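Chains as they are written, first to last, in our numbering: chain A, 1 to 186; chain B, 1001 to 1482.
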């Protein structure tokens, strides 16, 4: 029923020259009903996510937990009581902000960990088989008499120039010969 | 205008707009004029020949430091170009400089920068003071808006290209996740980070997009050639009528929308209708959950991605011993990172910790799947990334694209943003984050407003199914002609 209504709208041609802001309704009342309907009463308020709106209580972080989190983040412990309560306050409001997801029923939902091609076709294309490795097998040779072992023919070794001919220490500010220097003194 | 004249104009504009802080580093006149061909012998073979392109400073280039607007990378010289940068150079593009941003891309107003905030002058109706340019690609957006370059590259994790595009009145395009290589792009939240394009018209967006798009074996998240071919086939099967079904999700009609944004939304829908497209109300129920899910996932990934900054192999290192308060590297990281970055790292490490990971991180990834299914349920094109449920479960009408505002409000004053509670600032991303979670293509289009503002600062967003990037650009083109 609704579908038909839309079709009839699409079939009607509104000449561009008659498209004037003042006379919109006269030309195509039905069409604007669709827009008015879509943009009618707001469906929710994003403000609800802020502290005042949501009623569920967030997990509370203790000062001990805060110190553990700072250590995990390789950040120094709070300098004083002020900084500690500021950090705790921010964490509390951040956690409050994300509480809404905890009430969602997600039983049986597969987590979306990353956006990649999850189709069967892509899975098959990425499969490692004997055939897909044939080229590598072909470039192997057996060497040795008493201890027979497999190696790649030297002529087929991968090009490593671009990957390996750089100086890992070029951007280090503290170094000694070929070593990075870290001073762990307390 | 010849390429050389255009470059000179950009240079003049860079000087004139210097106080608004769009650039962190930029090419000198001498450097630019040496590489931009002059009118007589310009080869027009390459699509971006002699065009000045600004690069967000979290994308590696060999000719300037890459700092991510962080003290910890203050003068970091990248030994290589990001793949997107070498691609645009191959196409003839010229790197005009590196643009300012929120540190590592974390922020919505480009004020969390080690070198100071980006801003733009306010028009009368906004009152006194300078306006936010949006973030985190604020420098890239402002550089385009004020003709300091021809186009720019930004990155979009939760709206960081589209929001500044809306606030500065330019086009901001976030392609489908995986199309543009992330190799050489400093990771913030790797499962969401997308390189995006800012320009003054749709043709420029298209030519830059086509120049930098392509599979990159150096980026493990780059979409494979075989997948690209399959998606192209799927998209081309659709009958091209030139008339599209445009959806309006009711969950984007929130009570916080500025009346001016709402009237622009209405006017844009009318304009599309007058061009023969049809409008359809749709529903995306998981929209409300997208923002909280995003603010679990992005900080968690950030905590992990930023763990490597210790100042040992590269970057700024604090003086004295490397241990303080019993924690190795904590002094370097404490001095090197800004407050917003530290806030997100701390939250991220909480949601990844043993006692919280199931309730927060994993739960957010499940909600992310619900957001993806929502979109699959309204688009007529199926999602080619998934087999099951690629068609979604929705029983309602199917549409080709969605049209929604880019942001709920007009650009706020910088001084108000600075006073704002950091968590309240997350609200700005409510309309951009769902698309990021699902990896969908979206463009923010500047729309003209009735009340005669000097520059339009309202952006409307066109969103379509994964891989349907050309449709988004086609509808943007259609809107630009109205």
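Where is the CB? At the ideal position from N, CA and C, for every residue including glycine.
None of these values were measured; they are calculated from a predicted model.
C-alpha gap between residue i and residue j, whole angstroms
i: residue 178 of chain A; j: residue 1087 of chain B; result: 35 Å
i: residue 1289 of chain B; j: residue 49 of chain A; result: 9 Å
i: residue 1277 of chain B; j: residue 1333 of chain B; result: 53 Å
i: residue 1190 of chain B; j: residue 1294 of chain B; result: 13 Å
i: residue 1083 of chain B; j: residue 1089 of chain B; result: 10 Å
i: residue 28 of chain A; j: residue 1270 of chain B; result: Because residue 28 of chain A carries a pLDDT of 45, less than 50, the predicted location of this residue cannot be relied on, and no value is offered for it.
i: residue 65 of chain A; j: residue 1446 of chain B; result: 46 Å
i: residue 1258 of chain B; j: residue 1410 of chain B; result: 7 Å
i: residue 147 of chain A; j: residue 168 of chain A; result: 37 Å
i: residue 1181 of chain B; j: residue 1439 of chain B; result: 14 Å
i: residue 1167 of chain B; j: residue 1248 of chain B; result: 22 Å
i: residue 1197 of chain B; j: residue 129 of chain A; result: 39 Å
i: residue 1071 of chain B; j: residue 1299 of chain B; result: 19 Å
i: residue 1045 of chain B; j: residue 102 of chain A; result: 55 Å
i: residue 1377 of chain B; j: residue 1400 of chain B; result: 11 Å
i: residue 81 of chain A; j: residue 1346 of chain B; result: 18 Å
i: residue 36 of chain A; j: residue 1473 of chain B; result: 26 Å
i: residue 1029 of chain B; j: residue 1131 of chain B; result: 29 Å
i: residue 23 of chain A; j: residue 39 of chain A; result: With a pLDDT of 34 at residue 23 of chain A, under the threshold of 50, the predicted position of this residue should be treated as unreliable, though the coordinate-derived value follows. Cα-Cα distance, rounded: 20 Å.
i: residue 42 of chain A; j: residue 1482 of chain B; result: 27 Å
i: residue 100 of chain A; j: residue 1292 of chain B; result: 7 Å
i: residue 1120 of chain B; j: residue 1165 of chain B; result: 13 Å
i: residue 11 of chain A; j: residue 1396 of chain B; result: At residue 11 of chain A the pLDDT is 37, less than 50, meaning the model places this residue with poor confidence; the figure from the coordinates comes in the next sentence. Residue 11 of chain A and residue 1396 of chain B: Cα-Cα distance of roughly 21 Å.
i: residue 1053 of chain B; j: residue 1327 of chain B; result: 42 Å
i: residue 84 of chain A; j: residue 63 of chain A; result: 7 Å
i: residue 72 of chain A; j: residue 79 of chain A; result: 17 Å
i: residue 137 of chain A; j: residue 158 of chain A; result: 14 Å
i: residue 174 of chain A; j: residue 1331 of chain B; result: 16 Å
i: residue 1285 of chain B; j: residue 1449 of chain B; result: 30 Å
i: residue 1017 of chain B; j: residue 163 of chain A; result: 41 Å
i: residue 116 of chain A; j: residue 1369 of chain B; result: 13 Å
i: residue 1297 of chain B; j: residue 161 of chain A; result: 37 Å
i: residue 1229 of chain B; j: residue 121 of chain A; result: 12 Å
i: residue 1217 of chain B; j: residue 1469 of chain B; result: 22 Å
i: residue 86 of chain A; j: residue 1188 of chain B; result: 25 Å
i: residue 1405 of chain B; j: residue 1280 of chain B; result: 16 Å
i: residue 1002 of chain B; j: residue 1172 of chain B; result: 25 Å
i: residue 131 of chain A; j: residue 1227 of chain B; result: 21 Å
Supposed contact pair residue j and residue i - C-beta distance, whole angstroms, cut 8 Å
i: residue 1465 of chain B; j: residue 1403 of chain B; result: The Cβ separation is near 14 Å, so there is no contact.
i: residue 1163 of chain B; j: residue 1436 of chain B; result: Not confirmed; about 11 Å, so no contact.
i: residue 1158 of chain B; j: residue 1367 of chain B; result: Not a contact, Cβ separation roughly 14 Å.
i: residue 1032 of chain B; j: residue 1094 of chain B; result: 7 Å
i: residue 1221 of chain B; j: residue 45 of chain A; result: Wrong, their Cβ atoms sit about 35 Å apart, outside the cutoff.
Residue j beta carbon less than 8 Å from that of residue i
i: residue 1067 of chain B; j: residue 1078 of chain B; result: no
i: residue 1361 of chain B; j: residue 74 of chain A; result: no
i: residue 1109 of chain B; j: residue 1340 of chain B; result: no
i: residue 1069 of chain B; j: residue 1021 of chain B; result: no
i: residue 1407 of chain B; j: residue 1344 of chain B; result: no
i: residue 1091 of chain B; j: residue 1027 of chain B; result: no
i: residue 1260 of chain B; j: residue 1458 of chain B; result: yes
i: residue 1322 of chain B; j: residue 182 of chain A; result: yes
i: residue 1314 of chain B; j: residue 1023 of chain B; result: no
i: residue 1150 of chain B; j: residue 1051 of chain B; result: yes
i: residue 1174 of chain B; j: residue 1194 of chain B; result: yes
i: residue 1335 of chain B; j: residue 1318 of chain B; result: yes
i: residue 1105 of chain B; j: residue 1019 of chain B; result: no
i: residue 1311 of chain B; j: residue 1114 of chain B; result: no
i: residue 1476 of chain B; j: residue 1463 of chain B; result: no
i: residue 1074 of chain B; j: residue 1316 of chain B; result: yes
i: residue 141 of chain A; j: residue 151 of chain A; result: yes
i: residue 1208 of chain B; j: residue 1385 of chain B; result: no
i: residue 1004 of chain B; j: residue 1036 of chain B; result: yes
Count the C-beta pairs between the segment 1240 to 1256 of chain B and the segment 1202 to 1222 of chain B that are closer than 8 Å, then say yes if the count reaches three, no if not. no
Contact the segment 1415 to 1429 of chain B vs the segment 1136 to 1150 of chain B: 3+ CB pairs below 8 Å: Flag = no, the segment 1415 to 1429 of chain B and the segment 1136 to 1150 of chain B do not touch.
Taking contact to mean 3 or more Cβ pairs, one atom from each stretch, closer than 8 Å, check whether the segment 1369 to 1388 of chain B and the segment 95 to 109 of chain A are in contact. yes
Quick one: which unbroken beta strand (DSSP E) runs of 3-plus residues sit fully inside the segment 1415 to 1465 of chain B? Chain order, please. Runs of beta strand (DSSP E) with 3 or more residues, each lying fully within the segment 1415 to 1465 of chain B, are found at 1442 to 1446 and 1459 to 1464, listed in chain order.
contact_flag[the segment 1301 to 1315 of chain B, the segment 1345 to 1355 of chain B] where n(CB pairs < 8 Å) is 3 or more: yes
Could you pull out every unbroken beta strand (DSSP E) segment of at least 3 residues lying fully inside the segment 1169 to 1223 of chain B, listed in chain order? 1171 to 1174 and 1194 to 1199
Segments assigned alpha helix (DSSP H), at least 4 residues, entirely inside the segment 1336 to 1388 of chain B: 1339 to 1352 and 1363 to 1378
Continuous beta strand (DSSP E) assignments of at least 3 residues falling wholly in the segment 1235 to 1293 of chain B: Within the segment 1235 to 1293 of chain B, the complete beta strand (DSSP E) segments of 3 residues or longer fall at 1245 to 1249 and 1278 to 1282, listed in chain order.
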